[in-house]
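*Asks:*
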Amino acid sequence: KEYEGKKYFMQSQFILLKSDYWIMYCLEPFVNLNQKSTFDVIRNNPWESLNISRDLYNKIVTIAYLGYNSTSHSAEYWLGVTQMAIWKTIRPDANYYFTNSLNGTKTDIYDADVNNLLNDADEYLSGIDINEITINKGTTKEITNDSMDGYTLDKFYSNASLNGDKLTITGT
């Protein structure tokens with residue numbers, strides 16, 4: 050990574066939540082992860098705690114959802130591809146790239162995957178204005194979008210179901 054004239058060479062690191070083994074992605078591209086730290090999981094309006102817009106937060110969540118372990122993205126390198134796409138989204142003013150080894154030569158081997166993931170996230174979000182969706186307790190909302198076909202929801206979302214290109218959410 051390069052930012053403000055400084056190069057950062059880092060190896061991919063990933064943290065799993067102990068409670069459910071969800072992957073945590075880094076939202077601060079120039080900060081090293083501390084494996085011994087504890088992290089707060091913020092479920093209500095997390096974009097406010099991150100000091101980012103709701104739209105940017107929705108794009109990051111979509112990248113994470115469409116990235117590693119979705120459809121055909123099960124190879125481990127997709128962890129790095131997904132992380133890179135998130136960094137490019139949250140800090141687009143920096144220059145991010147993969148190298149062939151730690152502190153090695155720049156390589157473009159995964160650039161197409163990163164760009165495709167970013168494009169997929171944009172396509173996924175097109176036509177759905179997540180900011181305008183309000184679901185009251187006991188009400189159900191159905192959203193149809195062609196780009197959802199082929200994906201599944203994690204068991205965490207017990208109040209939602211995805212069938213083909215139709216997402217159904219019930220307010221709780």
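The sequence shown begins at 50 in my numbering and counts up one residue at a time.
Glycine included, C-beta positions come from ideal geometry on N, C-alpha and C.
Does the Cβ of LEU151 have 16 or more other Cβ atoms within 10 Å, making it buried, or fewer, making it exposed?
*Replies:* When all chains shown are included, LEU151 counts as exposed.
*Asks:* Rounded to the nearest angstrom, what separates THR295 and THR154 at their Cα positions?
*Replies:* The chain is shown only over 50 to 221; residue 295 falls outside these bounds and no answer can be derived.
*Asks:* Rounded to whole angstroms, what is the Cα-Cα separation between LYS56 and GLU172?
*Replies:* Approximately 32 Å between the Cα atoms of the pair.
*Asks:* What first and last residue would you give for the beta strand (DSSP E) that runs through ALA113?
*Replies:* No beta strand (DSSP E) holds ALA113; the alpha helix (DSSP H) holding it covers 103–115.
*Asks:* Name the one or two DSSP bridge partners that SER210 has.
*Replies:* Looking at the DSSP assignment, SER210 forms a beta bridge with THR217.
*Asks:* Is it buried or exposed, THR111, if we count other Cβ atoms within 10 angstroms and call 16 or more buried?
*Replies:* Result: buried.
*Asks:* Quick check on ASP89: buried or exposed, where buried means 16 or more other Cβ atoms within 10 Å of its Cβ?
*Replies:* Exposed.
*Asks:* Would ALA24 and LEU167 qualify as a contact pair, given that the criterion is a beta-carbon distance under 7 Å?
*Replies:* Absent from the model: residue 24. The displayed extent of the chain is 50 to 221, so no value can be given.
*Asks:* How would you label LYS108, buried or exposed, when you count the other beta carbons within 10 angstroms and need 16 or more for buried?
*Replies:* When all chains shown are included, LYS108 counts as buried.
*Asks:* Can you give the Cα-Cα distance for ASN212 and THR219, rounded to whole angstroms?
*Replies:* If I take the Cα positions, the gap works out to 14 Å.
*Asks:* Could you give the C-beta distance for TYR159 and GLY129, rounded to a whole number, given that I count them as a contact under 8 Å?
*Replies:* Sure, about 7 Å apart at Cβ, within 8 Å.
*Asks:* Does DSSP classify THR138 as helix, strand or coil?
*Replies:* The answer is helix: DSSP assigns THR138 an H, G or I state.
*Asks:* Would you kindly work out how many angstroms separate the C-alpha atoms of ASN164 and LEU76, rounded to a whole number?
*Replies:* Each residue's alpha carbon lies about 18 Å from the other.
*Asks:* Apart from the five residues just before and just after LEU223, which ones in its own chain have a Cβ nearer than 8 Å to its Cβ?
*Replies:* Coverage of the chain is limited to positions 50 through 221, which leaves residue 223 absent and any answer about it impossible.
*Asks:* Between which two residues does the alpha helix (DSSP H) carrying GLN164 extend?
*Replies:* In the sequence under discussion, the amino acid at residue 164 is Asn, which differs from the Gln named in the question. Taken as a continuous stretch (DSSP letters only), the alpha helix (DSSP H) holding ASN164 covers 160–174.
*Asks:* Alpha carbon to alpha carbon, how far is ASP162 from PRO141? Give it in angstroms, no decimals.
*Replies:* Going by the C-alpha atoms only, they are around 17 Å apart.
*Asks:* May I ask you to list the residues that DSSP assigns as paired with PHE147?
*Replies:* DSSP output for PHE147 lists THR156 as bridge partner(s).
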